[in-house]
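Here is the structure we will look at.
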Amino acid sequence: MIEFVNVNKTYANGTIALKDINLKIDQGEFVAVIGLSGAGKSTLIRCINRMHDISSGRLLVHNVDVAKLTGKQIRRFRRGIGMIFQSFNLVTRISVIQNVLVSFVPDLPMWRKLTGVFTREQKMKALEALDKVGILDKAYIRVDQLSGGQQQRVALARTLAQNPDILLADEPIASLDPVTSRMVMDDFKKINQEMNISVIMNIHHVEVALEYADRIIGIRKGEVVFDGAASQVTKEV
Ligand code: ADP
Ligand code: ADP
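Just add 22 to wherever you are in the sequence shown, counting from 1, and you've got our numbering.
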């Protein structure tokens, strides 16, 4: 359902970030992309929802050639793909539930989002998503009152409310302590297993990747140097 065919990516300044990537990722897989800083992990993930354009080759998501999508199609396409960042990207001065609700109206300016009236159905959906990640009791609390782990769960809930079938995560636990990291990883695992949502995650904690992911993709200098089950990863990889 995600397929890279001879994909290359060179940034405008000439940096070669991806070299001849060939990958197939099936629905429901939990994939961890590992590699040193600068290896190309983030670029790889961000090509999938077209935050970055590829330079050559083909990238298919649900058999759609991502490069061929235009303005309005890109926005609709992105809504089916959740994206989680290291920095959570929440609006911290509003409540948890408002953060989830504003994702239902992505095209409005922020002031319109904040004064928006949401339907009962949208509110139910938002609360359901918060329940899924265990922070229903925080729904009416301002985001800036929450811990980092809780904020990452709000980001997860916001994404789940969009009913994605793919969840991309760019270093989602990089700014969290080890205990909180595991709680967030448990949430990813649960979402992956219970909802059959594909998870593709960049992570530099190799031990955590091996513990949670089914499949490990190792990237070095823009190339795939390992692709296999977590159990096959040896010291050298
Ligand atoms: P990783 O996620 O593994 O740390 P990245 O995908 O962020 O790696 O970066 C891969 C390479 O591309 C690095 O050499 C990085 O400096 C470069 N790079 C990343 N983003 C840009 C950009 N917007 N413009 C130019 N070079 C970039
Ligand atoms: P902190 O960063 O302050 O440790 P956390 O956000 O990690 O806070 O956790 C806050 C509380 O939420 C903890 O008491 C923890 O037991 C609970 N908790 C953590 N993860 C989950 C989860 N996935 N579902 C339900 N409750 C959770």
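Yeah, the Cβ is synthetic: ideal placement off N, Cα and C, and Gly gets one too.
Check your understanding: Is it right to say V83 is buried, meaning 16 or more other beta carbons lie within 10 angstroms of its own, or is it exposed?
Key -> On the sequence shown, position 61 is the one that residue 83 refers to. Buried: at least 16 other Cβ atoms inside 10 Å.
Check your understanding: Are V176 and L112 touching if we call contact CB-CB under 9 angstroms?
Key -> Stepping through the sequence shown from its first residue, residue 176 is reached at position 154. Stepping through the sequence shown from its first residue, residue 112 is reached at position 90. A distance below 9 angstroms separates the beta carbons of V176 and L112.
Exercise for review: Pick out the complete beta strand (DSSP E) segments inside the region 158-196, 3 residues or longer, and give them in chain order.
Suggested key: Every beta strand (DSSP E) stretch that sits fully inside the region 158-196 and reaches 3 residues is listed by chain position as 188-192.
Check your understanding: Contact check, V124 vs Q174 under 8 angstroms by CB: the rounded distance?
Key -> Along the sequence shown, read from residue 1 onward, the residue named residue 124 stands at position 102. Along the sequence shown, read from residue 1 onward, the residue named residue 174 stands at position 152. The pair is not a contact, with the Cβ atoms about 17 angstroms apart (cut-off 8 angstroms).
Point to revise | Span of the alpha helix (DSSP H), counted from its first residue to its last, around D153 | key: Counting from one through the sequence shown, the residue named residue 153 turns up at place 131. Counting along the chain, the alpha helix (DSSP H) containing D153 begins and ends at 142-154.
Exercise for review: Would you grab the beta carbon distance between V88 and I222 for me? Rounded to a whole angstrom, and I think it's under 8 angstroms.
Suggested key: The residue labelled residue 88 in the question sits at position 66 within the sequence shown. The residue labelled residue 222 in the question sits at position 200 within the sequence shown. In fact, because the Cβ distance is near 14 angstroms, the residues do not count as touching under 8 angstroms.
Check your understanding: Can you round the beta-carbon distance between E193 and N224 to whole angstroms, since I take them to be within the 8 angstroms contact cut?
Key -> As a working mapping, residue 193 is identified with position 171 in the sequence shown. As a working mapping, residue 224 is identified with position 202 in the sequence shown. Yes, they are in contact, since the Cβ atoms of E193 and N224 sit about 5 angstroms apart, within 8 angstroms.
Check your understanding: How is R101 classed by DSSP in three states: helix, strand or coil?
Key -> Residue mapping note: residue 101 aligns to position 79 of the sequence shown, counting from 1. Helix.
Review point. Taking the DSSP output, what are the residues bridged to K88?
Key: As a first step, residue 88 must be located in the sequence shown, where it is residue number 66. In the sequence on display, residue 88 carries Val and not Lys. The beta-bridge partner set that DSSP reports for V88 is empty.
Exercise for review: Could you tell me which of H74, Q95, I238, T65 sits nearest to A251, measuring between CA atoms?
Suggested key: By 1-based counting over the sequence shown, the position of residue 251 is 229. The shortest C-alpha separation from A251 is found at I238.
Check your understanding: Of all the options F248, L81, N71, which has the alpha carbon lying nearest to the alpha carbon of A191?
Key -> Locating residue 191 in the sequence shown gives position 169, where the first residue counts as 1. If we check each option's Cα against that of A191, N71 comes out closest.
Check your understanding: Does DSSP classify I24 as helix, strand or coil?
Key -> Along the sequence shown, one-based indexing puts residue 24 at 2. In the structure shown, I24 sits in a strand (DSSP, three-state: E or B).
Check your understanding: Can we count L58 as close to ligand 1, meaning its CB is less than 8 angstroms from some heavy atom?
Key -> Along the sequence shown, read from residue 1 onward, the residue named residue 58 stands at position 36. Yes, the Cβ of L58 comes within 8 angstroms of a heavy atom of ligand 1.
Check your understanding: Where I43 and G62 are concerned, what is the direct C-alpha to C-alpha distance, given to the nearest angstrom?
Key -> Counting from 1 along the sequence shown, the entry for residue 43 is found at position 21. Counting from 1 along the sequence shown, the entry for residue 62 is found at position 40. Going from the Cα of I43 to the Cα of G62 covers about 11 angstroms.
Practice item. Can you give me the start and stop residues for the beta strand (DSSP E) that K270 sits inside? Key: In this structure the chain extends from 23 to 259, so residue 270 is not present and cannot be described.
Practice item. My understanding is that L66 touches I241, with C-beta atoms under 8 angstroms, so please give their C-beta distance in whole angstroms. Key: In the sequence shown, the residue the question calls residue 66 occupies position 44. In the sequence shown, the residue the question calls residue 241 occupies position 219. Correct: roughly 7 angstroms between the Cβ atoms.
Review point. Rounded C-beta distance between S78 and N35? I'm assuming under 8 angstroms.
Key: Translated into positions along the sequence shown, residue 78 becomes position 56. Translated into positions along the sequence shown, residue 35 becomes position 13. Taking 8 angstroms as the upper bound for CB-CB distance, S78 and N35 are not in contact here, some 17 angstroms apart.
Check your understanding: Assuming A161 and L178 make a contact with CB atoms under 8 angstroms, what is their CB distance in whole Å?
Key -> Numbered from 1 along the sequence shown, position 139 holds the residue referred to as residue 161. Numbered from 1 along the sequence shown, position 156 holds the residue referred to as residue 178. Incorrect: roughly 14 angstroms between the Cβ atoms, too far for contact.
Practice item. Alpha carbon to alpha carbon, how far is T256 from I119? Give it in angstroms, no decimals. Key: Stepping through the sequence shown from its first residue, residue 119 is reached at position 97. Stepping through the sequence shown from its first residue, residue 256 is reached at position 234. In this structure, the CA atom of I119 is about 43 angstroms from the CA atom of T256.
Review point. With DSSP run on the structure shown, which of helix, strand or coil describes E51?
Key: The residue given as residue 51 occupies position 29 in the sequence shown. Correct three-state label for E51: coil.
Review point. Is any heavy atom in ligand 1 found nearer than 8 angstroms to the beta carbon of G240?
Key: Within the sequence shown, the letter at position 218 stands for residue 240. Incorrect: G240 has no Cβ contact closer than 8 angstroms to ligand 1.
Check your understanding: Around the C-beta of T181, are 16 or more other C-beta atoms found within 10 angstroms, so that it is buried, or is it exposed?
Key -> The count along the sequence shown starts at 1 and reaches residue 181 at position 159. Counting C-beta atoms within 10 angstroms of its own C-beta, T181 has 16 or more neighbours from the protein chains shown and is therefore classed as buried.
Review point. Would you say G60 and P186 are within 9 angstroms of each other, going by their C-beta atoms?
Key: By one-based count along the sequence shown, residue 60 stands at place 38. By one-based count along the sequence shown, residue 186 stands at place 164. Contact flag unset, no.
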